[in-house]
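Those protein sequence lines, which keep their order, are chains Z and R. So that you can map any letter, position 78 of the first sequence is 1109 in the working numbering, and since no number is skipped, the others follow by simple counting. So that you can map any letter, position 148 of the second sequence is 1179 in the working numbering, and since no number is skipped, the others follow by simple counting. Don't be surprised by glycine CBs; every beta carbon is placed ideally from N, CA and C. Some notes on the structure that comes next.
Number of protein chains: 2
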Amino acid sequence: MRPHDHGDCIRRVLDEAERRASEDRVNFTPVRRHALEILLESHAAMPAYGLLKRLDEDGFGSQPPVAYRALDFLMEQGFVHKVERLNAFVACMYPDESHAPAFLICRNCRSVAETCVSPSPAALLREARAAGFAIERSVMEAEGLCRACAEEGGAPCR
Amino acid sequence: MRPHDHGDCIRRVLDEAERRASEDRVNFTPVRRHALEILLESHAAMPAYGLLKRLDEDGFGSQPPVAYRALDFLMEQGFVHKVERLNAFVACMYPDESHAPAFLICRNCRSVAETCVSPSPAALLREARAAGFAIERSVMEAEGLCRACAEEGGAPCR
DNA sequence: TGCGGGACATTATACTATAACATTCAAGGG
DNA sequence: CCCTTGAATGTTATAGTATAATGTCCCGCA
Chain Z
1032 MRPHDHGDCI RRVLDEAERR ASEDRVNFTP VRRHALEILL ESHAAMPAYG LLKRLDEDGF
1092 GSQPPVAYRA LDFLMEQGFV HKVERLNAFV ACMYPDESHA PAFLICRNCR SVAETCVSPS
1152 PAALLREARA AGFAIERSVM EAEGLCRACA EEGGAPCR
Chain R
1032 MRPHDHGDCI RRVLDEAERR ASEDRVNFTP VRRHALEILL ESHAAMPAYG LLKRLDEDGF
1092 GSQPPVAYRA LDFLMEQGFV HKVERLNAFV ACMYPDESHA PAFLICRNCR SVAETCVSPS
1152 PAALLREARA AGFAIERSVM EAEGLCRACA EEGGAPCR
């Protein structure tokens, strides 16, 4: 992950989410908003039970459905993606664009860089058409080493 | 999934696995081989505990490590892939080629068609390079409706 | 013969996710 | 104003996925 002004980065996404939520008349409740804020704190993927722990500490309840319901909502709205490879969740960096997310997952520090590939890569679309398969969503997950971790023990990405 | 001679399909993959295993001097033990056979029975993804049940019925033991150890081996050797989206496993249809697997996952019948995309799609490689990220493996998972299920209640794919 | 390593057995436990049902509360129609 | 309705949340229980840790067996080899 390239260094960046993370405060800006959070604010930008949060504002966009706020805007989209009110526009779509969906209910951006405190627990949902706070869950998104927590996920935005870093670009690392966070497990559901990690999020739950944070939500609990902040007074939102301690039972699994608290976290999973917030996550379900945020994913439906496209504010959060699940990184299947890690069974963990990250805030979407492009909440304003329709896209098929692609993740660069660092196996060392678990940071997750999201880059969008076009809705679905052309090669895959071709294959799918040939097989008579109708793609509804797709995701790409690549595992490897991020720049910081490759630079030998460099500070973990933020 | 297009109709095909599944007997041939199984034999072909099993032979190739056998060949590769002896070539690489790895130990293709009965439980490992049988696990692969079970996964080859259909192109649907099978959960670890489903595989475990089958292995148990066939006399290979009933504890989770039985299944997970066999799966770990088969994945290391590239004979089996994990479909993260389903927490389930499928036999690889291209055990003789190095590839980044791409899955077309039917949300209705859970059939999984594997198609290989080149080691990593060009667009993603470009993004990764720009971010200083070194990709080690990647996978693409697309969800949708397979031909059989799209043809309204058609027989589930085999 | 002894040793080293891979495979397997066994027990226990950690982690991930959802089902099912009760409660609350706000918006809208009669 | 009251009632209905539905979304959001609270609460309890349980299902499903995966690994840790330790010990045993057996085979190849010095």
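- [ ] Mind checking who R:Glu1174 pairs with in its DSSP beta bridge?
- [x] Bridge partners of R:Glu1174: Z:Arg1168, R:Ile1136.
Open item on the list: Taking the beta carbon of R:Val1114 as the centre, do at least 16 other beta carbons fall within 10 Å, making it buried, or is it exposed?
Closed with: With 16 or more other Cβ atoms from the protein chains shown falling within 10 Å of its own Cβ, R:Val1114 counts as buried.
- [ ] Could you say if the region 1037-1052 of chain R and the region 1092-1103 of chain R meet the contact criterion of at least three C-beta pairs nearer than 8 Å?
- [x] As far as the Cβ criterion goes, the region 1037-1052 of chain R does not touch the region 1092-1103 of chain R, which means the pair count is below three.
- [ ] Since I believe R:Glu1174 is in contact with Z:Arg1178 (beta carbons under 8 Å), could you give me their beta-carbon distance rounded to a whole number of angstroms?
- [x] Not confirmed; about 31 Å, so no contact.
TODO: Classify R:Arg1157 as buried or exposed, calling it buried when 16 or more other Cβ atoms lie within 10 Å of its own Cβ.
DONE: That one is exposed.
TODO: Following the continuous beta strand (DSSP E) through R:Phe1148, name the residue where it begins and the one where it ends.
DONE: The question names Phe, but residue 1148 of chain R is Val in the sequence shown. Start and end: 1143-1148.
Task: Beta-carbon neighbours of Z:Gly1163, restricted to chain R and to distances below 8 Å - done: By Cβ distance, chain R contributes Arg1033, Cys1177, Arg1178, Ala1181.
Open item on the list: Whole angstroms are fine: how far does the CA of R:Pro1061 sit from the CA of Z:Leu1045?
Closed with: Roughly 54 Å separates the two Cα atoms.
- [ ] Excluding the 5 residues preceding and the 5 following Z:Ala1119 in the sequence, name in chain order all residues of the same chain whose CB lies nearer than 6 Å to its CB.
- [x] So the list reads Ala1076, Met1077, Pro1078, once near-sequence residues are dropped.
Open item on the list: Give me the chain R residues within the contact set of Z:Leu1082, using Cβ-Cβ distance strictly less than 7 Å, ordered along the chain.
Closed with: Under the 7 Å cutoff, chain R gives no residues; its nearest Cβ is about 19 Å from Z:Leu1082.
Open item on the list: Across the region 1124-1142 of chain R and the region 1138-1150 of chain Z, are there enough close Cβ pairs to call them in contact, namely three or more that are closer than 8 Å?
Closed with: With the cut-off at 8 Å, the region 1124-1142 of chain R and the region 1138-1150 of chain Z do not touch.
- [ ] Measure from the C-beta of R:Thr1060 to each C-beta in chain Z and report whether the shortest distance is under 8 Å.
- [x] For R:Thr1060, the nearest beta carbon of chain Z is not closer than 8 Å to its own beta carbon.
Open item on the list: Which of the three DSSP states is assigned to Z:Pro1078 in this structure?
Closed with: Residue state, collapsed to three classes: strand.
Task: Alpha-carbon spacing of Z:Asp1127 relative to R:Ala1161, whole angstroms - done: When only Cα atoms are considered, Z:Asp1127 and R:Ala1161 end up about 22 Å apart.
Open item on the list: Please report the distance separating the alpha-carbon of R:Arg1064 from that of Z:Glu1054.
Closed with: Rounded to the nearest whole angstrom, the CA to CA distance from R:Arg1064 to Z:Glu1054 is 56 Å.
Task: Reduced DSSP secondary structure (H/G/I, E/B, other) of R:His1112 - done: R:His1112 falls in the strand class under three-state DSSP.
Open item on the list: Below 7 Å on C-beta distance, what does R:Met1171 contact in chain Z?
Closed with: Residues of chain Z passing the Cβ test: Leu1155, Ser1169, Met1171.
TODO: Compute the beta-carbon to beta-carbon distance between R:Ala1082 and R:Phe1110, rounded to the nearest angstrom, for a pair I have assumed lies under 8 Å.
DONE: Residue identity check: residue 1082 of chain R is Leu in the sequence provided, not Ala. About 13 Å separates the two Cβ atoms, so there is no contact after all.
Open item on the list: So with CB distances below 8 Å, who are the chain Z contacts of R:Ile1166?
Closed with: Proximity of chain Z to R:Ile1166 at the Cβ level (cut-off 8 Å) is accounted for by Leu1135, Ala1173, Glu1174, Gly1175, in chain order.
TODO: Tell whether a beta-carbon distance below 8 Å holds between R:Ala1165 and Z:Leu1071.
DONE: Judged by their CB atoms, R:Ala1165 and Z:Leu1071 are not nearer to each other than the 8 Å cut-off.
Task: Chain-ordered neighbours of R:Glu1115 on chain Z, where CB pairs are closer than 8 Å - done: By Cβ distance, chain Z contributes Glu1115, Arg1116, Glu1172.
Task: The beta strand (DSSP E) enclosing Z:Val1121, as first and last residue numbers - done: 1119-1122 is the extent of the beta strand (DSSP E) around Z:Val1121.
Task: Classification of Z:Ala1153 by the beta-carbon crowding that lies within 10 angstroms, buried from 16 upward - done: So Z:Ala1153 counts as exposed.
TODO: Taking only the alpha-carbon atoms, compute the straight-line gap between Z:Arg1043 and Z:Val1143 and give it to the nearest angstrom.
DONE: In this structure, the alpha-carbon of Z:Arg1043 lies about 18 Å from that of Z:Val1143.
Task: Beta-ladder partner(s) of Z:Ala1131, from DSSP - done: Partner residues in the beta bridge of Z:Ala1131, as assigned by DSSP, are Z:Val1148.
Task: Sub-8 Å separation of R:Arg1138 and R:Glu1172 beta-carbons - done: Judged by beta-carbon spacing, R:Glu1172 lies beyond the 8 Å limit of R:Arg1138, meaning their Cβ atoms are not closer than that value.
Open item on the list: Z:His1112 and Z:Val1121 - do their beta-carbons sit closer together than 8 Å?
Closed with: Judged by their CB atoms, Z:Val1121 and Z:His1112 are nearer to each other than the 8 Å cut-off.
Open item on the list: Could you check whether the Cβ of R:Ala1122 sits closer than 8 Å to any Cβ belonging to chain Z?
Closed with: With 8 Å as the cut-off, R:Ala1122 does not count as an interface residue toward chain Z.
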